[in-house]
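What follows is one structure encoded as structure tokens, with my remarks underneath.
Number of protein chains: 2
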Amino acid sequence: MDDTAAAFTERDTDGGTWRFPADQPLRLESGATFGPLEIAYKTYGRLNAEKSNAVLVCHALTGDQHLASTHPITGKPGWWEQVVGAGLPLDPERHFIICTNVVGGCMGSSGPASLNPATGQPYGLSFPMITIADMVRAQAMLIEAMGIDSLFAVVGGSMGGMQVLQWAADYPQKLFSAICIAAAPRHSAQNIAYHEVGRQAIMADPDWRGGGYQLAGVRPEKGLAVARMAAHITYLSEAALQRKFGRELQRDGLSWGFDADFQVESYLRHQGASFVDRFDANSYLYITRALDYFDLAASYDGVLAEAFRGARHVRFCVLSFSSDWLYSTAESRDIVRALNAAGCRASFAEITTDKGHDAFFLEEPAFDSALRGFLAAQAEKRGLA
Amino acid sequence: MDDTAAAFTERDTDGGTWRFPADQPLRLESGATFGPLEIAYKTYGRLNAEKSNAVLVCHALTGDQHLASTHPITGKPGWWEQVVGAGLPLDPERHFIICTNVVGGCMGSSGPASLNPATGQPYGLSFPMITIADMVRAQAMLIEAMGIDSLFAVVGGSMGGMQVLQWAADYPQKLFSAICIAAAPRHSAQNIAYHEVGRQAIMADPDWRGGGYQLAGVRPEKGLAVARMAAHITYLSEAALQRKFGRELQRDGLSWGFDADFQVESYLRHQGASFVDRFDANSYLYITRALDYFDLAASYDGVLAEAFRGARHVRFCVLSFSSDWLYSTAESRDIVRALNAAGCRASFAEITTDKGHDAFFLEEPAFDSALRGFLAAQAEKRGLA
Chain A
3 MDDTAAAFTE RDTDGGTWRF PADQPLRLES GATFGPLEIA YKTYGRLNAE KSNAVLVCHA
63 LTGDQHLAST HPITGKPGWW EQVVGAGLPL DPERHFIICT NVVGGCMGSS GPASLNPATG
123 QPYGLSFPMI TIADMVRAQA MLIEAMGIDS LFAVVGGSMG GMQVLQWAAD YPQKLFSAIC
183 IAAAPRHSAQ NIAYHEVGRQ AIMADPDWRG GGYQLAGVRP EKGLAVARMA AHITYLSEAA
243 LQRKFGRELQ RDGLSWGFDA DFQVESYLRH QGASFVDRFD ANSYLYITRA LDYFDLAASY
303 DGVLAEAFRG ARHVRFCVLS FSSDWLYSTA ESRDIVRALN AAGCRASFAE ITTDKGHDAF
363 FLEEPAFDSA LRGFLAAQAE KRGLA
Chain B
3 MDDTAAAFTE RDTDGGTWRF PADQPLRLES GATFGPLEIA YKTYGRLNAE KSNAVLVCHA
63 LTGDQHLAST HPITGKPGWW EQVVGAGLPL DPERHFIICT NVVGGCMGSS GPASLNPATG
123 QPYGLSFPMI TIADMVRAQA MLIEAMGIDS LFAVVGGSMG GMQVLQWAAD YPQKLFSAIC
183 IAAAPRHSAQ NIAYHEVGRQ AIMADPDWRG GGYQLAGVRP EKGLAVARMA AHITYLSEAA
243 LQRKFGRELQ RDGLSWGFDA DFQVESYLRH QGASFVDRFD ANSYLYITRA LDYFDLAASY
303 DGVLAEAFRG ARHVRFCVLS FSSDWLYSTA ESRDIVRALN AAGCRASFAE ITTDKGHDAF
363 FLEEPAFDSA LRGFLAAQAE KRGLA
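Protein chains in written order, with my numbering: chain A, 3 to 387; chain B, 3 to 387.
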């Protein structure tokens, strides 16, 4: 379904691309504006008559809007099917669940791979730099276009959790509750360093063509695969890698060469190779840059609590994973301390797991319980039963 | 100085390349043999009349024999000048200090960039796969050629520490003491994963040319730089990166682009760019592979203690750094437990520092004291006074 700023009705809410008219461009944090803006989205469930059951889920760096249904490119299940579904913490029978592809992404929202209608060619590096705040502003525009004044919850893990924090800073009046999972209030030097390795790997690939690979009919697949491999290690804990792979070999005996001798090598190569089929290299550059630029306190004279001053009515849930070394529990505690200092209500739990950062994508009973319990308590307060 | 299996005299010990005759090839762990073998080395100090003061220093992955004197390519000081020098723990006034470039390296020892005398062309990928045990066997051949029966100490950090452990397993009768710093008894899944990222980055560079870049007159500089950048992050602690760089910018304000905005980006790019001037990409492939293959217990039915059964007379010192996440204190403790189980004398210290794995290259007073104290006690026992 394509909506050209059409009135949004309950019937056409399962997903599509929302095309904002030229007079509704996206104001960007850089000072520029971007338009025409398109935001691709998926929804699950129905908005109730009171419009009080909408939940916005914000995706992570390489995620997209295909949350709880088959991915159109990979054919794999949605990335959060253990959280979103019948009888699960987010239940389409009770919630109207919305997920948008972030601006800058490559699954239908405006991004560097989109065609610039002014030129008929892909934007490439002429696409403007975007930030987490810009992603959130585009989501807020869509939510408004959908006629939703207040979200029952905004939820996200990793970069999704950063969007949740940005929502609380920029649009607190539109939030009833907020769930921030495995995130951080800003990107650390080590986080930036890993992203820079990935960007350099992409830009080192001659098929990147200075960002103009689409016009040349090529793709920097090798560089993007290396970027994904380097990043993927940070998503897993050392313990999980050891448990899953250890030093197990692919075959009996060593190859005495540079083939993938160890299962962990083969696994990583697969992660890299499958990623390039579904992700655009320039989007990877733009979105990692948005993450690196993220430092929520910076707009508030370095005082994170000030970002949350308007959110005292919002109920917050902050969750971290004990073995997450990308965005550690210490960083979630920083968020909680700032929320407390701002006078916000925040519940916090560190989930004990050896699965690392990616635990929020995986079966983790304590995580499920924490989400379920928080959402049930908020539903009661919201009168959703 | 070039020695063609010449008698080794005290006068010509400052360094050079030792060329073993064709009838003294290197037996390799893979079952192959390699020859003619050349080993480049540097020495500092003089071998005493009793030949009892020789110390072999084993270098790390990207190190070389230029331990305590200006590097011939970079013009920078030697990599261990805070440990080796007058009044320092290893003192050329008292010790005869030897450091060899590992076999497979690119600073004069036989490696993939060396010319194969049989073809007159670089070996490239026809160079045989080498292991930590092969590096040590080549060192033992040189030590024997030098007429040294017993080393006062064998010392090394990181991959150098693995060589120290291998010495204790394979040539315990040639050792009086052994110092293993920031090492591990085997490469973990995470260690292998990082190396695989680096190798894939190199092999993705079209200028790698299937390993034949020398003949083509090119070098896979971009791929090697990315490999170095990814690895370099693992050498530092998150705390050190935060302390050194945090989110400090290169200039006032963000570039809103893909230039190096953050100081940590600029630092990493510099690390990558300067590395390619002094290191050979194929050597990087071979040596990382040797590290991945390292699992000392594997040759002893998985029982690490069995590797040290012959080393009960050797005095061991094991040192780790509290913020080292590449080869953690837990891994050093595994070594110490195995040494104890084998009945070896081992002293162990975890140095508290936030400098990460690379702390052994840096000013660290507690590390200096630990080295100094251990060596002084051993010197007394050895009668070196």
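Just so you know, even glycine gets a beta-carbon here, dropped at the ideal spot from N, CA and C. Computed from a predicted structure; not experimentally measured.
Item to check | Sheet register partners of A/W86 (DSSP bridge) | outcome: Mapped onto the first sequence, residue 86 of chain A falls at position 84. One point to set straight first is that residue 86 of chain A is Val, not Trp, in the sequence displayed. Residue pairing by DSSP places A/V86 opposite A/L92 in a beta bridge.
Cβ pair B/Y286, B/I204 closer than 9 Å = In the second sequence, counting from the first residue as 1, residue 286 of chain B sits at position 284. In the second sequence, counting from the first residue as 1, residue 204 of chain B sits at position 202. Closer than 9 Å, so yes.
Next on the checklist: Any beta carbon of chain B sitting closer than 9 Å to that of A/K224?
Outcome noted: The residue labelled residue 224 of chain A in the question sits at position 222 within the first sequence. Yes, A/K224 counts as interfacial toward chain B.
Does B/I194 have its Cβ less than 9 Å from a Cβ in chain A?
-> Taking the second sequence and counting its residues from 1, one reaches residue 194 of chain B at position 192. Closer than 9 Å to some Cβ of chain A, the Cβ of B/I194 qualifies, so yes.
Write down the C-beta distance between A/A185 and A/G225 rounded to the nearest angstrom, noting that I regard them as a contact closer than 8 Å.
Taking the first residue of the first sequence as 1, we reach residue 185 of chain A at position 183. Taking the first residue of the first sequence as 1, we reach residue 225 of chain A at position 223. The beta-carbon separation of A/A185 and A/G225, rounded to 27 Å, does not stay under the 8 Å limit for a contact.
Should B/H468 be flagged as near chain A, meaning a C-beta pair shorter than 9 Å? This structure does not reach residue 468 of chain B, given that chain B is present from 3 up to 387, and the question cannot be answered.
Q.
Is there a C-beta anywhere in chain B that falls below 9 Å from the one on A/A1?
A. The requested residue 1 of chain A is not part of the displayed model; chain A covers only 3 to 387.
| task | Determine the DSSP secondary structure at A/P124, reduced to helix, strand or coil. | result | Here residue 124 of chain A corresponds to residue number 122 of the first sequence, with the count starting at 1. Three-state DSSP puts A/P124 in a strand.
Legend entry - Where A/I41 falls: helix, strand or coil (DSSP): Position 39 of the first sequence holds residue 41 of chain A. In this structure, A/I41 counts as strand in the three-state DSSP scheme.
| Contact belief for B/D294 with B/I194 at Cβ below 8 Å, rounded distance in angstroms | Numbered from its first residue, the second sequence carries residue 294 of chain B at position 292. Numbered from its first residue, the second sequence carries residue 194 of chain B at position 192. That pair is a contact at about 5 Å.
Exercise. Use the C-beta contact count for A/Q141: other C-beta atoms within 10 angstroms, 16 or more gives buried, fewer gives exposed.
Key: Start at 1 with the first residue of the first sequence, and residue 141 of chain A comes out as number 139. Buried: at least 16 other Cβ atoms inside 10 Å.
| said: Here's the rule: buried if 16 or more other CB atoms are within 10 angstroms of the residue's CB, otherwise exposed. What is B/R245? | reply: The residue labelled residue 245 of chain B in the question sits at position 243 within the second sequence. Within a 10 Å sphere around the beta-carbon of B/R245 sit fewer than 16 other beta-carbons, which makes this residue exposed.
Practice task
Could you tell me which of B/I132, B/G122, B/V156 and B/H61 sits nearest to B/M109, measuring between CA atoms?
Solution key: Here the question's residue 109 of chain B lines up with position 107 in the second sequence. Nearest option by C-alpha distance: B/H61.
Applying the criterion that 16 or more other CB atoms from any shown protein chain within 10 Å of the CB defines a buried residue, is B/R201 buried or exposed? Here the question's residue 201 of chain B lines up with position 199 in the second sequence. B/R201 comes out buried.
Quiz item: Can you check whether the CB of A/R384 is closer than 9 Å to the CB of A/R347?
Solution: Within the first sequence, numbered from 1, the residue matching residue 347 of chain A stands at position 345. Within the first sequence, numbered from 1, the residue matching residue 384 of chain A stands at position 382. Going by C-beta atoms, A/R347 is not nearer than 9 Å to A/R384.
Among the candidates B/D151, B/D172, B/Y43 and B/M148, whose CA atom is the shortest distance from the CA of B/N103?
In the second sequence, the residue the question calls residue 103 of chain B occupies position 101. Comparing Cα-Cα distances from B/N103 to each of B/D151, B/D172, B/Y43 and B/M148, the minimum goes to B/Y43.
Review point. My guess is that B/G214 and B/G345 are in contact by the Cβ rule of under 8 Å, so how many angstroms apart are they, rounded?
Key: As a first step, residue 214 of chain B is located in the second sequence; it is residue number 212 there, counting from the start. As a first step, residue 345 of chain B is located in the second sequence; it is residue number 343 there, counting from the start. Incorrect: roughly 50 Å between the Cβ atoms, too far for contact.
Task: Straight-line Cα distance separating B/Q168 from B/F36 - done: For this step, residue 36 of chain B is matched to residue 34 along the second sequence. For this step, residue 168 of chain B is matched to residue 166 along the second sequence. Rounded to whole angstroms, B/F36 to B/Q168 spans 20 Å at the Cα level.
Worksheet item: Quick one: what's got a C-beta closer than 6 Å to A/D207's C-beta in the same chain, skipping five residues either side?
Response: Position 205 of the first sequence, counting from 1, holds the residue named residue 207 of chain A. If we look at A/D207 and ignore the five residues flanking it on each side, its Cβ neighbours are P222, K224 and G225.
inquiry  = I want to see whether chain B comes within less than 9 Å of A/M164, judged by CB atoms only; does it?
reply    = As a first step, residue 164 of chain A is located in the first sequence; it is residue number 162 there, counting from the start. No - not a single Cβ of chain B is within 9 Å of the one on A/M164.
Taking the C-alpha atoms as reference points, what is the distance between B/L251 and A/F376? In the second sequence, counting from the first residue as 1, residue 251 of chain B sits at position 249. In the first sequence, counting from the first residue as 1, residue 376 of chain A sits at position 374. Those two C-alpha atoms are separated by around 39 Å.
* Asked: Is A/L63 closer than 9 Å to A/A233 when the C-beta atoms are compared?
  -> Here residue 233 of chain A is taken as the residue at index 231 of the first sequence, counted from 1. Here residue 63 of chain A is taken as the residue at index 61 of the first sequence, counted from 1. A contact, by the Cβ cut-off of 9 Å.
Among residues of its own chain, excluding the 5 on either side of A/D282, which ones have a beta-carbon nearer than 6 Å to its beta-carbon?
Position 280 of the first sequence holds residue 282 of chain A. The residues are C108 and A115.
Exercise for the section: Using a cut-off of 7 Å between C-beta atoms, extract the partners of A/L328 located in chain B. Expected result: Here the question's residue 328 of chain A lines up with position 326 in the first sequence. Ordered by position in chain B, no residue passes the 7 Å Cβ test against A/L328, which lies about 10 Å from the chain.
Within chain A, partners of B/V199 - CB distance below 8 Å
Numbered from its first residue, the second sequence carries residue 199 of chain B at position 197. Under the 8 Å cutoff, chain A gives V228, M231, A232, I235 and L270.
**Prompt:** Going along the chain, which residues of its own chain have a beta-carbon closer than 7 Å to the beta-carbon of A/V338, five neighbours each way excluded?
**Reply:** Indexing the first sequence from 1 puts residue 338 of chain A at position 336. If we look at A/V338 and ignore the five residues flanking it on each side, its Cβ neighbours are V320, A348 and F350.
Notebook entry, point to check: Which first and last residues belong to the alpha helix (DSSP H) in which B/I145 is found?
Noted result: Here residue 145 of chain B refers to the residue found at position 143 of the second sequence. Residues I134 to A147.
So, does the CB of B/A9 fall closer than 9 Å to a CB anywhere in chain A?
To locate residue 9 of chain B, count along the second sequence from 1; it is residue 7. Residue placement at B/A9 is poorly supported in this model, since its pLDDT is 46, which falls under 50; the coordinates are not used for a value here.
Ignore the nearest five residues each way along the sequence and tell me which others in B/P174's own chain have a CB closer than 7 Å to its CB.
-> Here the question's residue 174 of chain B lines up with position 172 in the second sequence. The residues G312, A313 and V316, in chain order, have a CB closer than 7 Å to that of B/P174 in the same chain once the five nearest residues on each side in sequence are set aside.
*Of the residues B/H197, B/G87 and B/L28, which one's Cα is nearest the Cα of A/D261?*
Here residue 261 of chain A is taken as the residue at index 259 of the first sequence, counted from 1. The shortest Cα separation from A/D261 among B/H197, B/G87 and B/L28 belongs to B/H197.
| said: I'd like the ranges of any beta strand (DSSP E) spanning at least 3 consecutive residues and lying wholly in the segment 16-41 of chain B. | reply: 17-21
- Which value, in whole angstroms, describes the spacing of the CA atoms of B/F277 and B/A170? Within the second sequence, numbered from 1, the residue matching residue 277 of chain B stands at position 275. Within the second sequence, numbered from 1, the residue matching residue 170 of chain B stands at position 168. Rounded to whole angstroms, B/F277 to B/A170 spans 32 Å at the Cα level.
task: In the DSSP assignment, find the unbroken beta strand (DSSP E) run with A/A56 in it and report its ends.
output: Within the first sequence, the letter at position 54 stands for residue 56 of chain A. Counting along the chain, A/A56 sits inside the beta strand (DSSP E) bounded by residues A56 to C60.
Query raised in the report: By a C-beta neighbour count over all protein chains shown, 10 Å radius and 16 as the cutoff for buried, is B/D25 buried or exposed?
Result: Counting from one through the second sequence, the residue named residue 25 of chain B turns up at place 23. Counting Cβ neighbours within 10 Å, B/D25 comes out exposed, since fewer than 16 surround it.
Compare the C-beta of A/D14 with all C-beta atoms of chain B and state if any pair is closer than 9 Å. The count along the first sequence starts at 1 and reaches residue 14 of chain A at position 12. Any reading at A/D14 is ruled out, since the residue's pLDDT is 45, under 50, leaving its predicted position unreliable.
For A/V199 and B/A343, I'd like the C-alpha separation in whole angstroms.
Here residue 199 of chain A corresponds to residue number 197 of the first sequence, with the count starting at 1. Here residue 343 of chain B corresponds to residue number 341 of the second sequence, with the count starting at 1. Rounded to whole angstroms, the separation of the alpha carbons of B/A343 and A/V199 is 42 Å.
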